[in-house]
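A.B. asks:
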Amino acid sequence: MKINAVYPIPRASLLLLLVTVGLAIAPHILRLPLWLPVVAAACVGWRVQVYRERWVFPSRIVRFSMVLVSMVAIFLYYGTVLGPDAGVALLILAYLFKLLEMYKERDAFLIVILSYFIIATNYLFSTSLLSSLYTMIVVLFVTASLVGLNQTMREVKPRRTLLIAAKLFMQAIPIMIVLFVFVPRVSPKWALNIDNSHAKTGLSDSVSPGDISNLSKSPALAFTVEFFGDKPSQKDLYWRGVTYVDFDGRTWRRDSLDEYSTAKKIIKSELVVQPDEFKYRVIMEPNYRHWLFALPYSILNERNVKQTQSLVLTRKEPIASLVSYDVVSHPHYAYQGAGLSAEARARNTQLPSTDIRAKRKAKEMFEAVNGDYHAYADSVLRWFNRDNFVYTLKPPLLRVNVIDGFLFSTQQGFCAHYAGAYVFMMRAVGIPARMVGGYQGGEYHEAGHLMVKQYHAHAWTEVWFQGRGWVRVDPTAAVAPERVLSGPDGAVTDDSFSSDSPLSPLLFRNSAFIRNLRAKMEYVDFLWSRWVVGYNNSTQTEFLSRWMNDVTPQKIVMVMFAFLGGVMLVLAAYILLERGRRKLDPVDRVYLRFGEKLASKGSERYSGEGVWSYCDRVSLVFPGSAEDIRDITQLYDDIRYGGMAMENIGNSQGVGGTLSKRQKKLKILFKQKVRRLRLKP
Amino acid sequence: MANLFSVIRQNVNARWQRWIQLRVPKALRVELDQRKVFIFPTRYGFFFLFTAFLLFMGGINYENSLILNLSFFLVSLFLVAILQTFKNLSGLVLVAGGTKPAFKGQDALFEISLERESSRQHESLQVIWEGQTSELINVVERTKRPVEMSLRAVKRGRYSPGRFKVQSTFPLGLLRTWSWIQLDIAAIVYPMPVQCEYVGTEGDGQKDGNIKIPAGQDEFEYLREYRVGDSLKNIAWKKYANSQKLLTKVFHGVAGDTFWLRWSGVPSTDVEMKLSMLCYWVITYSQENRVFGLSLPSGDIAPAAGQDHEVNCLRALALYGVDSHERLDGVQA
């Protein structure tokens, strides 16, 4: 049997390495299967036992079966071994098992390298300021482990190792910042996609208003908008995202022509745009969806983003990380006013065979206005407004004939109910109409940017009229106009907006202090997202153009090297010139003070003069203090060179105890004597 | 072909030695500065940079600023490590210390001292000579740290170790910094003792009995103050009774017969063999605590006994025919 010698890792280093492993895994714990932390604890425990020479490392067969079993377990848990979650779980397992295979220095080094990868994968899931700060702490520990591996076996104090690492860490930060700011950001020419198994947030592909009895009102951030120049008024903030065209009587589905792959380009001649415009940047939180939000009609130049024929912006890859994009919006535009293709008209007037009552009501109302499309559209809105319709986030469930049930019996619902019913009513008389999903409004932060939260999610309609094209109509505004003016909480006509969760931030909306604090935190988050997480090609150009005119990649690289050289020079000067004076021993320092006291009275110690001859000489000059001078010299001699003799002087001065204790006491005595010395001639 | 290679190698070796000799000349005390210190990444260093590259690619692919930042951090740490690793060796002072003589074929010991000049600390240093590696040495708290190198003495005379390497990978192990140093230090290598019959004249017949042998017990010499460890037998108890002072009586031995070890007295014609044989007899006579003199063509050593005399004789044998300026330098590349 081959017996491998265990790499004798220094104690401080092992301790740091194990702490590092724990810290690196911690943020992943909630995403991992429950048994994984148990495996982690077992591996760490086993490694500690090996260090204490109680156990040995598992044999090759045991290790191999551990790997096999965990692969199977991962597969059973996630249903795959690919994908980000399962991939990270496997990486972590490999990382843990490597702890039980540390035969060489190389293995320990590999754990350090794996730690960096584990930290990197955490950024795929969370990019918040707090979690980033946490990962920097983990990075510090990884660095400390690396330092520990290069220290002597005698190094048992992890504190000192950590201090060395902290020094290196702090010195690396300036260089890192220079690299972060100046390294030109390139877009990938390839794209390895992480799959879409993530929980998607925000708007979805389809809406079934009848199935929702309790609309969640998450205060999570959907996106942030920074306006350059004029800001539109609150009532115009309709952030368009998705159009829902197909209705089967129950569910509204996203227009299949809005997919990136099937999208057709808009025909320029169908679009009439007024010159007034808003310019802004949207910083979007990851939602793992394909659509981008903007105010219509919007123009943006982004790689892999298309504008479809329903003026929806669709992106090739899902938004898996923070994305920011610059938009120019022309609020006044007319689209497809001249006419609609037969195919588009058919799709936008298509109705299921259900909800007979609503269809009958539509015909009656249409006849009442003598077949005038505009008057009919207004009369339906007036009906919503006048009858007993209630805007609520907790509507009753609707089983069959969703539209009929809503319009004639419950009359309670939220935006999607109203928008759905309105589109239905329009289509019932042959007017092309569609439901639009997006966000309405937003909250201005005092720093000037607009924050759009998940509870700003909204659904409205677009109705097509000959000559005018697609016109936005928000039927919810007919019922609860406050919804559009002040946000969803002001609009609810019952108490359904008050939160169920005891910790919901919505609960404290009325405390000025809490609101203020939250505003500050949100601002810091905004800056972090805007300038650090969202630092991409355009942010970089924007940032650098504050100081440079004409930002080109070549220029950036040149400036980067200039800065890098400068920082390295300062750092080199700091590190290499830090030679310092020879550090004086505290005892010597006290003796020098004694010499200074004498020198101030004119009795300087000659260079090279021994302490005793100096003592004899100055004793003659200051006979009154001769005894003190002799004592001080004796104490210095004893502390410095004393072996056996020290015992004697110690005893005569009434100092007892162990040798080291006595030494300490002698030093104190020495210090006191020098301090109290008054020279008498 | 093999011949050609060895010629090239010798040539390169000679050039290297000339170059390093100019850069790091031999001295009693060598302070490492930027002229003398070399630095290069270790394989871990290259792997570390490769990791940074992988993270960079990942950051680009996922358009994730923070992953990019982590890769920038690794590069920054590497750059800082260059300065710190260099700093760890630069400023270190190596001082030639004592040596311990050896017989040819045995290990000679050389002590070198690693010292720090300033408050700068030098951690995890290694001294490497002829395939031997010292353990990691810290010059952190104390200002001096002695290191003992043992080297197989292959030639009689003054033996000076070749260039040795002092290196360190502290603090991160990503870079190695090193220097080749030659200290002006030499150990005496005695001839290898070879047992033989002594065929020369056995003594000179003198029976003066006036040659002192230290540490003998024959004749009283003087009194001195008592030291811990002195035999109670030798204490002057009478004096103690008078003066309350503990005094020890010191004696020396007396040898009657004086021997001469002569160059012609050993049965060999080869110089080295003759020296080896004489060496054997010097050791033997010293063990027997005899009084003897050593007569070499280069000069005589008067008859005496004791350890100092033995060392004198061995030294004379070791340095016989060796020019005092000639050093047996071996340089390792």
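Chains as they are written, first to last, in the numbering used here: chain A, 51 to 731; chain B, 205 to 537.
All residues carry an ideal CB built from backbone N, CA and C; glycine is no exception.
Check for me: the beta strand (DSSP E) holding B/Lys304 runs from which residue to which?
C.D. replies: Looking at the DSSP string, the run of the beta strand (DSSP E) that includes B/Lys304 is 296-304.
A.B. asks: Just checking A/Gln684 against the ligand NAP - is the residue's beta carbon closer than 8 Å to any of the ligand's heavy atoms?
C.D. replies: The ligand NAP is absent from the structure shown, which contains no ligands of any kind.
A.B. asks: Please list the partners that A/Leu196 has in chain B, where partner means a Cβ-to-Cβ separation under 7 Å.
C.D. replies: What A/Leu196 touches in chain B: Leu376, Gly377.
A.B. asks: Taking the alpha-carbon of B/Leu296 as reference, which of B/Gly302, B/Phe277, B/Gln330 has the nearest alpha-carbon?
C.D. replies: Nearest of B/Gly302, B/Phe277, B/Gln330 to B/Leu296, Cα basis: B/Gln330.
A.B. asks: Along chain B, which residues have their Cβ under 7 Å away from the Cβ of A/Phe230?
C.D. replies: Within chain B, the residues near A/Phe230 are Asn273, Phe276.
A.B. asks: According to DSSP, is A/Phe464 part of a helix, a strand, or is it coil?
C.D. replies: A/Phe464 falls in the coil class under three-state DSSP.
A.B. asks: Is the beta carbon of A/Ile223 closer than 9 Å to that of A/Met152?
C.D. replies: Not a contact, by the Cβ cut-off of 9 Å.
A.B. asks: Name the residues in the region 579-599 of chain A whose C-beta lies less than 8 Å from a C-beta of chain B; which are they?
C.D. replies: Of all residues in the region 579-599 of chain A, Val582, Val583, Gly584, Tyr585, Asn586 have a Cβ within less than 8 Å of some Cβ in chain B.
A.B. asks: According to DSSP, is A/Gln722 helix, strand or coil?
C.D. replies: Three-state result, A/Gln722: helix.
A.B. asks: In angstroms with no decimal places, state the Cα-to-Cα distance between A/Lys711 and A/Ala90.
C.D. replies: Approximately 45 Å, taken between the alpha carbons.
A.B. asks: Determine the burial state of A/Ser561: buried for a count of at least 16 other Cβ atoms within 10 Å of its Cβ, exposed for fewer.
C.D. replies: Counting Cβ neighbours within 10 Å, A/Ser561 comes out exposed, since fewer than 16 surround it.
A.B. asks: Can you tell me whether DSSP reads B/Tyr266 as helix, strand or coil?
C.D. replies: Looking at B/Tyr266 - three-state DSSP - the assignment turns out to be coil, as it is neither helix nor strand.
A.B. asks: Using the C-alpha atoms, what's the distance from B/Leu379 back to B/Ile392?
C.D. replies: Distance between the alpha carbons of B/Ile392 and B/Leu379 is about 38 Å.
A.B. asks: I think B/Ser323 touches B/Val241, with their Cβ atoms under 8 Å apart; what is that distance to the nearest whole Å?
C.D. replies: That pair is no contact at about 19 Å.
A.B. asks: Under 7 Å, CB to CB, which of the residues in the region 199-213 of chain A have a partner in chain C?
C.D. replies: Any reference to chain C falls outside this structure, whose protein chains are A and B.
A.B. asks: When the Cβ atoms of the region 464-473 of chain A are set against those of the region 519-534 of chain A, are three or more pairs found closer than 8 Å?
C.D. replies: Yes: at least three Cβ pairs fall under 8 Å.
A.B. asks: Report the start-end ranges of each beta strand (DSSP E) in the region 330-389 of chain B that is 3 residues or longer and not cut off at the edges.
C.D. replies: Runs of the beta strand (DSSP E) inside the region 330-389 of chain B: 341-343, 348-356, 361-364, 368-372, 379-385.
A.B. asks: Name the chain B residues that come within less than 8 Å of A/Ala222, Cβ to Cβ?
C.D. replies: Residues of chain B passing the Cβ test: Phe277, Ser280, Leu281, Leu283, Val284.
A.B. asks: Report the CB separation of A/Ala139 from A/Pro83 in whole angstroms; it is logged as a contact under 8 Å.
C.D. replies: Sure, about 7 Å apart at Cβ, within 8 Å.
A.B. asks: In chain order, what residues of the same chain lie with their CB nearer than 7 Å to the CB of A/Phe464, ignoring the 5 residues before and after it?
C.D. replies: Only Leu265, Tyr441, Thr442, Leu443, Pro445 meet the Cβ criterion.
A.B. asks: Compute the distance between the beta-carbons of A/Val173 and B/Leu274, then report whether it is under 9 Å.
C.D. replies: Note that residue 173 of chain A is Tyr in the sequence shown, not Val. Yes, they are a contact pair.
A.B. asks: By alpha-carbon positions, which one of B/Pro501, B/Thr462, B/Gly262 ends up nearest to A/Val236?
C.D. replies: Of the candidates B/Pro501, B/Thr462, B/Gly262, the one whose C-alpha sits nearest the C-alpha of A/Val236 is B/Gly262.
A.B. asks: Which of helix, strand or coil does DSSP assign to A/Gln357?
C.D. replies: Correct three-state label for A/Gln357: strand.
A.B. asks: Give the single residue among B/Lys443, B/Val228, B/Asp504, B/Val299 whose Cα lies nearest to the Cα of B/Trp467.
C.D. replies: When each option's Cα is compared against that of B/Trp467, the closest is B/Asp504.
A.B. asks: Give the residues of chain B in contact with A/Val450, contact being defined as C-beta atoms less than 9 Å apart.
C.D. replies: Under the 9 Å cutoff, chain B gives no residues; its nearest Cβ is about 46 Å from A/Val450.
A.B. asks: Would A/Ser663 pass as an interface residue toward chain B - the criterion being a Cβ-Cβ separation below 9 Å?
C.D. replies: Cβ-Cβ to chain B under 9 Å: no for A/Ser663.
A.B. asks: Leaving out five residues on either side along the sequence, give the residues of the same chain with a beta carbon under 7 Å from the beta carbon of A/Glu572.
C.D. replies: Cβ within range, chain order: His495, Met501.
A.B. asks: By alpha-carbon positions, which one of A/Ala74, A/Ser256, A/Gln284 ends up nearest to A/Val188?
C.D. replies: Of the candidates A/Ala74, A/Ser256, A/Gln284, the one whose C-alpha sits nearest the C-alpha of A/Val188 is A/Ala74.
A.B. asks: Closest to A/Trp510 by CA distance: which of A/Pro381, A/Met334, A/Pro336, A/Val257 is it?
C.D. replies: Cα-wise, what sits closest to A/Trp510 is A/Val257.
A.B. asks: Suppose contacts are defined by Cβ-Cβ distances below 9 Å. Is A/Arg580 in contact with A/Thr274 by that definition?
C.D. replies: Cβ distance < 9 Å, so A/Arg580 and A/Thr274 count as in contact.
A.B. asks: Should A/Ile682 be labelled buried (16 or more other beta-carbon atoms within 10 Å of its own) or exposed?
C.D. replies: Buried, since its Cβ has 16 or more Cβ neighbours within 10 Å.
A.B. asks: Please identify, using Cβ separations under 8 Å, the residues of the region 425-452 of chain B that lie next to chain A, in order along the chain.
C.D. replies: Those residues of the region 425-452 of chain B that come within reach of chain A (Cβ to Cβ, closer than 8 Å) do not exist; the list is empty.
A.B. asks: Less than 8 Å between C-beta atoms, sequence neighbours within five positions excluded: which residues of the same chain meet that for A/His424?
C.D. replies: Phe515.
A.B. asks: Should the region 673-681 of chain A be regarded as contacting the region 718-728 of chain A, the criterion being three or more beta carbon pairs within less than 8 Å?
C.D. replies: The region 673-681 of chain A is in contact with the region 718-728 of chain A.
A.B. asks: Going by DSSP in three states, B/Arg320 sits in which element: helix, strand or coil?
C.D. replies: Of the three classes helix, strand and coil, the one that applies to B/Arg320 here is strand, per DSSP.
A.B. asks: Tell me whether the region 320-338 of chain A and the region 375-386 of chain A touch, counting them as touching only if at least three CB pairs, one residue from each stretch, are closer than 8 Å.
C.D. replies: The region 320-338 of chain A is in contact with the region 375-386 of chain A.
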